[in-house]
Amino acid sequence: MESETEMVAFPLLLTPIETNYRACTIPYRFPSDNPKKATPTELQWINVFLNSIASFKKRAETDSTVPDAPLRAEKFAQRYGDILEDFKKDPESHGGPPDGILLCRLRELILRELGFIDIFKKVKDEENAKAISLFKNVVQLNDAIVDEPKRLENLVRGIFAGNIFDLGSAELAEVFSRDGMSFLASSQNLVPRPWVIDDLDSFKVKWSKKTWKKVVIFVDNSGADIILGILPFARELLRCGSQVVLAANDMPSINDVTYTELIEIIAKLKDENGQLMGVDMSNLLVANSGNDLPVIDLTRVSQVLAYLASDADLVILEGMGRGIETNLYAQFKCDSLKIGMVKHPEVAQFLGGRLYDCVFKYSEAVSSKF
Numbered sequence: 408m409e410s411e412t413e414m415v416a417f418p419l420l421l422t423p424i425e426t427n428y429r430a431c432t433i434p435y436r437f438p439s440d441n442p443k444k445a446t447p448t449e450l451q452w453i454n455v456f457l458n459s460i461a462s463f464k465k466r467a468e469t470d471s472t473v474p475d476a477p478l479r480a481e482k483f484a485q486r487y488g489d490i491l492e493d494f495k496k497d498p499e500s501h502g503g504p505p506d507g508i509l510l511c512r513l514r515e516l517i518l519r520e521l522g523f524i525d526i527f528k529k530v531k532d533e534e535n536a537k538a539i540s541l542f543k544n545v546v547q548l549n550d551a552i553v554d555e556p557k558r559l560e561n562l563v564r565g566i567f568a569g570n571i572f573d574l575g576s577a578e579l580a581e582v583f584s585r586d587g588m589s590f591l592a593s594s595q596n597l598v599p600r601p602w603v604i605d606d607l608d609s610f611k612v613k614w615s616k617k618t619w620k621k622v623v624i625f626v627d628n629s630g631a632d633i634i635l636g637i638l639p640f641a642r643e644l645l646r647c648g649s650q651v652v653l654a655a656n657d658m659p660s661i662n663d664v665t666y667t668e669l670i671e672i673i674a675k676l677k678d679e680n681g682q683l684m685g686v687d688m689s690n691l692l693v694a695n696s697g698n699d700l701p702v703i704d705l706t707r708v709s710q711v712l713a714y715l716a717s718d719a720d721l722v723i724l725e726g727m728g729r730g731i732e733t734n735l736y737a738q739f740k741c742d743s744l745k746i747g748m749v750k751h752p753e754v755a756q757f758l759g760g761r762l763y764d765c766v767f768k769y770s771e772a773v774s775s776k777f
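Here the numbering used here runs 407 ahead of the position in the sequence shown, where the first position is 1.
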């Protein structure tokens, strides 16, 4: 499942990790809950995953790399659906009680056991090609904004607009198959500020001081998300003198960009001077996070990423899975930013916000507790 080399804890997590970190933002259950009875929150999230089966099955059926794909897709839907129904009856079945990481992991396990390695490959390739064709225009529009705080806000809005492209959300998968996604329209039509968590103004102040020497960004989806959202933002950090490490998944999961795909994307975006629209790329690194899910447990990352991140002074977790559902309350020894769009009604309800609301949570470094 994960990278074969030994996984280690992300070195910038606040220590002691055992008492300060848990890779689950929304508590599915509490110690006082009956271990044999599914809680209302568990039932709610099991249903979220049940509702997503149809869109995953549809993608799997059309995977031309897998023999008998329709038959195997049906097996996936049946097997995963049965496991989810088992959880409703007994939350301790299948290695439970369930949380976001376990529910994602079981889905990936079943797909891979049936031969499905990357059922979203075709749509990822299509969206990457579209976004690459728009990259120059998006960067030029950003560069034309002379006022630095306004330019920063426009870059942040671009991250949110790109993050809409998420085929792990049943609602968005349906919208996408019907209408596609317009990046520029999306960036203009975000829910108005203040967002459900909105630390943008304090982030602007810190940004103006140009203090970050090294920034690690855990990236999310292919297409507009990485190419029109994250890369223009990373380019601006490079212009400000920061070294930037982009941490991407080891293996495919939904439409998340992988480490190898990201290297290919950046190669295609280089201009004739080997630069990113005129910006030197020698301080841009791409790292394999060792992760294979759309969510992430930061106690398990690749040794390479841990080494590269050890002296970073800003960590960014982007996207609903990494930045909201698993790490919204994660505390770090350096500055941190969690940024993502709320794409499940259940997450909106938990946060007290709106569907498609935005989370921009900026925290300054926390001292370790001993």
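We treat Cβ as the ideally placed atom computed from N, Cα and C, and that holds for glycine.
Remember, predicted model here, so these are calculated numbers, not experimental data.
Considering only C-alpha positions, which residue in the set the options is nearest to residue i?
{"i": "Leu-509", "options": "Lys-675, Phe-494, Ile-566", "result": "Phe-494"}
{"i": "Val-545", "options": "Ile-633, Pro-477, Tyr-487, Lys-620", "result": "Ile-633"}
{"i": "Lys-443", "options": "Leu-669, Leu-758, Lys-496", "result": "Lys-496"}
{"i": "Phe-417", "options": "Asp-606, Glu-560, Ile-524, Ile-703", "result": "Ile-703"}
{"i": "Glu-725", "options": "Thr-469, Phe-767, Leu-518", "result": "Phe-767"}
{"i": "Asp-663", "options": "Lys-531, Ala-568, Glu-520, Glu-449", "result": "Lys-531"}
{"i": "Ser-609", "options": "Asn-454, Leu-744, Thr-469, Gly-759", "result": "Leu-744"}
{"i": "Lys-557", "options": "Ser-540, Leu-607, Ile-517", "result": "Leu-607"}
{"i": "Lys-543", "options": "Lys-675, Asp-718, Met-748", "result": "Lys-675"}
{"i": "Gly-648", "options": "Ala-694, Val-455, Lys-617, Phe-456", "result": "Lys-617"}
{"i": "Lys-465", "options": "Lys-482, Ile-433, Phe-567", "result": "Lys-482"}
{"i": "Ile-490", "options": "Thr-472, Ile-673, Arg-512", "result": "Arg-512"}
Under a Cβ-count criterion, where at least 16 other Cβ atoms within 10 Å of its own Cβ denotes burial, should residue i be classed as buried or exposed?
{"i": "Asp-678", "result": "exposed"}
{"i": "Tyr-736", "result": "exposed"}
{"i": "Phe-437", "result": "exposed"}
{"i": "Asn-570", "result": "buried"}
{"i": "Asn-458", "result": "exposed"}
{"i": "Val-553", "result": "exposed"}
{"i": "Arg-646", "result": "exposed"}
{"i": "Ala-551", "result": "exposed"}
{"i": "Gly-685", "result": "exposed"}
{"i": "Pro-474", "result": "exposed"}
{"i": "Thr-412", "result": "exposed"}
{"i": "Arg-479", "result": "buried"}
{"i": "Pro-498", "result": "buried"}
{"i": "Asn-680", "result": "exposed"}
{"i": "Arg-514", "result": "buried"}
{"i": "Pro-599", "result": "exposed"}
Could you give the C-beta distance for residue i and residue j, rounded to a whole number, given that I count them as a contact under 8 Å?
{"i": "Val-773", "j": "Leu-419", "result": "Wrong, their Cβ atoms sit about 10 Å apart, outside the cutoff."}
{"i": "Lys-537", "j": "Gly-636", "result": "At roughly 14 Å, the Cβ-Cβ gap does not stay under 8 Å, so Lys-537 and Gly-636 are not in contact."}
{"i": "Phe-625", "j": "Arg-729", "result": "5 Å"}
{"i": "Cys-431", "j": "Thr-733", "result": "6 Å"}
{"i": "Leu-669", "j": "Leu-653", "result": "6 Å"}
{"i": "Ala-716", "j": "Val-623", "result": "5 Å"}
{"i": "Trp-619", "j": "Cys-765", "result": "In fact, because the Cβ distance is near 22 Å, the residues do not count as touching under 8 Å."}
{"i": "Pro-701", "j": "Ile-746", "result": "Not confirmed; about 16 Å, so no contact."}
{"i": "Pro-504", "j": "Glu-425", "result": "Contact doesn't hold; Cβ gap of about 19 Å is too wide."}
{"i": "Ala-476", "j": "Ile-460", "result": "In fact, because the Cβ distance is near 16 Å, the residues do not count as touching under 8 Å."}
{"i": "Leu-691", "j": "Val-651", "result": "5 Å"}
{"i": "Leu-518", "j": "Ala-467", "result": "7 Å"}
{"i": "Lys-657", "j": "Asn-695", "result": "The sequence shown places Asp at residue 657, not Lys. Their Cβ separation, rounded to whole angstroms, is 5 Å, which keeps Asp-657 and Asn-695 in contact under 8 Å."}
{"i": "Ile-672", "j": "Asn-535", "result": "6 Å"}
Between residue i and the rest of its own chain, which residues show a CB-CB distance below 7 Å, the 5 nearest in sequence each way excluded?
{"i": "Pro-752", "result": "Leu-762"}
{"i": "Ser-576", "result": "Residue placement at Ser-576 cannot be trusted, given a pLDDT of 49 that sits under 50; the coordinates are not used to answer."}
{"i": "Leu-559", "result": "Lys-611, Trp-614"}
{"i": "Tyr-435", "result": "Thr-446, Thr-448, Glu-449, Trp-452, Pro-504, Pro-505, Asp-506"}
What residues in its chain sit with their C-beta under 6 Å from that of residue i, if we drop five residues either side in the sequence?
{"i": "Asp-440", "result": "Thr-446"}
{"i": "Pro-659", "result": "Asp-525, Thr-665"}
Between residue i and the rest of its own chain, which residues show a CB-CB distance below 8 Å, the 5 nearest in sequence each way excluded?
{"i": "Asp-742", "result": "Lys-613, Trp-619, Asp-720, Leu-721, Val-722, Tyr-769, Ser-770, Glu-771, Ala-772"}
{"i": "Tyr-428", "result": "Leu-420, Leu-421, Leu-705, Thr-706, Ala-737, Gln-738"}
**OP:** Any chance you could list the alpha helix (DSSP H) runs of at least 4 consecutive residues sitting entirely within the stretch 655 to 716, in chain order?
**Re:** If we require 4 residues or more, the alpha helix (DSSP H) runs fully inside the stretch 655 to 716 come out as 666 to 676, 710 to 716.
Original post:
Fully enclosed by the stretch 456 to 514, which alpha helix (DSSP H) runs are 4 residues long or longer?
Top reply: Qualifying alpha helix (DSSP H) stretches, in chain order: 476 to 496.
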